[in-house]
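For the record, in the sequence shown the residue sitting at position 45 is 55 according to this note's numbering, with numbers rising by one throughout. Beta carbons are placed, not taken as given, at the ideal position from N, Cα and C, and that holds for glycine.
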Amino acid sequence: MTAELSRPVAGVGEDGRHLYTCPLCEAMCGLEIQVEGGRVAGIRGNRDDTWSRGHLCPKGVNTNVLSPPTFFDEPSGNGALNGIPVTVSAAAT
Numbered sequence: 011m012t013a014e015l016s017r018p019v020a021g022v023g024e025d026g027r028h029l030y031t032c033p034l035c036e037a038m039c040g041l042e043i044q045v046e047g048g049r050v051a052g053i054r055g056n057r058d059d060t061w062s063r064g065h066l067c068p069k070g071v072n073t074n075v076l077s078p079p080t081f082f083d084e085p086s087g088n089g090a091l092n093g094i095p096v097t098v099s100a101a102a103t
């Protein structure tokens with residue numbers, strides 16, 4: 011086992027190759043995540059993973075759509091405020 015496997019999830023913003031277990035379903039596929047410029051550049055199955063051996067289900071393959079710019083980290087308004095950052099309570103109304 012390498013030290014890379016024990017890195018905290020917070021380290022995923024660092025450029026390089028990161029190995030994790032996908033949390034999206036009970037299969038728990040091994041993920042190899044390539045980060046470039048602080049963004050996810052690619053996701054593939056980890057061939058060295060004991061259980062999944064490089065296989066990824068459709069959920070794991072499409073995890074990269076959760077990376078910026080398609081994933082929003084702040085609420086935005088609707089109607090006249092469309093696309094403008096607003097408070098959580100304003101976005102809920």
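Just to confirm, are residue i and residue j a CB contact at a threshold of 8 Å?
i: GLU46; j: ASN56; result: no
i: ARG49; j: LEU66; result: no
i: CYS35; j: SER62; result: no
Starting from residue i, follow the beta strand (DSSP E) in both directions and report where the run begins and ends.
i: THR31; result: 26-31
i: GLY40; result: 40-46
Given that a residue counts as buried once 16 or more other Cβ atoms are within 10 Å of its Cβ, and exposed if not, what is residue i?
i: LYS69; result: exposed
i: CYS32; result: buried
For residue i, write down the residues that DSSP places opposite it in a beta bridge.
i: GLY55; result: LEU41
i: ARG63; result: In the DSSP output, where bridge partners are listed per residue, ARG63 has none listed.
Using a Cβ cut-off of 8 Å (strictly closer), state whether residue i contacts chain B.
i: ARG49; result: Here chain B cannot be found, since the structure has a single protein chain.
Which residue from the options puts its Cα closest to that of residue i?
i: ARG27; options: VAL96, ARG63, GLY52, THR97; result: GLY52
i: GLU24; options: TYR30, ALA37, GLN44; result: GLN44
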